[in-house]
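So the structure is just underneath, and the comments pick up after that.
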Amino acid sequence: MTDRKYTVLFICVGNSARSIFAESLLRSLGGDRFNAYSAGVRPSSELNPFAVQVLRDKGHDVSVLRAKNFAEFVGSDAPQLDFVFTVCDQAAAEECPVWEGQTISGHWGMPDPVKVQGTDAQKALAFQQAYGALKHRISAFVALPVERLDRIALQSAVNGIGARSAENLV
């Protein structure tokens, strides 16, 4: 890979929390090295209010965020993607799309905080935990010397980041 800005897409089911967290975190932690996007298989009509609050509390610009369908990222007019990460929870039988093409892809699955039942405090904690787990993964990703690694080494590194369980990241 050459010295340039890399384009990354994060995909989950609803694009209302996990992938939105990942997009925001990469924008913040990745600096000028990455273009970050997120999308959903079945996107919600709006972002989850708990997710938006976490992002605001952490100082992220939420004005640039919206729920998007992953179909926006296929076809000739879509951005050329270098990396695609799914963050849906296969253990909960969420549908994660298989990404076709030459991108480096990884599965960084984690439980969906949107599905947590209980008090507002319990729900807020689930969103904080998802944000924290993704922050650890994104931090590890941006620390990679992407421009110096070949495709095999990059794929191996991405797989390694995803292999750590979400519970062990917070």
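Numbering-wise (the working numbering), the sequence shown opens with residue 1447 and increments by one.
Ideal Cβ placement from N, Cα and C applies to all residues, glycine included.
Distance CB(residue i)-CB(residue j) smaller than 8 Å
i	j	result
Val1604	Cys1534	no
Phe1531	Tyr1452	no
Ala1513	Leu1493	yes
Ser1484	Ala1468	yes
Asp1553	Gly1608	It should be pointed out that residue 1553 corresponds to His in this sequence rather than to Asp. Their beta carbons are under 8 Å apart, which means His1553 touches Gly1608 by this criterion.
Lys1569	Phe1480	no
Ser1465	His1506	no
Leu1595	Phe1519	no
Neighbourhood of residue i by C-beta distance below 7 Å, restricted to the same chain and skipping five residues each side
i	result
Pro1489	Gly1460, Asn1461, Ala1513, Lys1514 and Asn1515
Arg1502	Val1508
Ile1598	none
Val1500	Phe1573, Gln1574 and Tyr1577
Start and end residues, beta strand (DSSP E) containing residue i
i	result
Ala1485	Phe1480 to Gly1486
Leu1455	Tyr1452 to Cys1458
His1582	Segment Asp1566 to Val1588 is the alpha helix (DSSP H) holding His1582; no beta strand (DSSP E) there.
Phe1531	Phe1529 to Thr1532
Ser1551	Ile1550 to His1553
Cβ-based neighbour list, residue i, same chain, cut-off 6 Å, excluding 5 preceding and 5 following
i	result
Pro1559	Ala1463, Ala1572, Phe1573 and Ala1576
Arg1473	Ala1482
Pro1525	Thr1453
Ala1538	Here Ala1538 scores only 44 on pLDDT, less than 50, and its place in the model is too uncertain to base an answer on.
Val1498	Val1508
Ser1602	none
Gly1547	none
Limits of the unbroken alpha helix (DSSP H) element including residue i
i	result
Phe1496	Pro1495 to Asp1503
Gly1608	Arg1597 to Ala1609
Ser1465	Arg1464 to Leu1475
Any non-hydrogen atom of the ligand SAM within 7 Å of residue i CB
i	result
Ser1585	This structure simply doesn't include the ligand SAM, nor any ligand for that matter.
Assumed close pair residue i, residue j - CB separation to whole angstroms, cut-off 8 Å
i	j	result
Ile1457	Gly1477	Not quite, the Cβ-Cβ distance comes to about 23 Å (not below 8 Å), so this is no contact.
Ile1550	Leu1600	5 Å
Leu1511	Val1588	Actually they do not touch by this definition, with Cβ atoms about 19 Å apart.
Own chain residues within Cβ distance below 8 Å of residue i, not counting five before or after
i	result
Asp1523	none
- prompt: Three or more C-beta pairs closer than 8 Å, one from the region 1580-1599 and one from the region 1559-1567: is that the case here?
  reply: no
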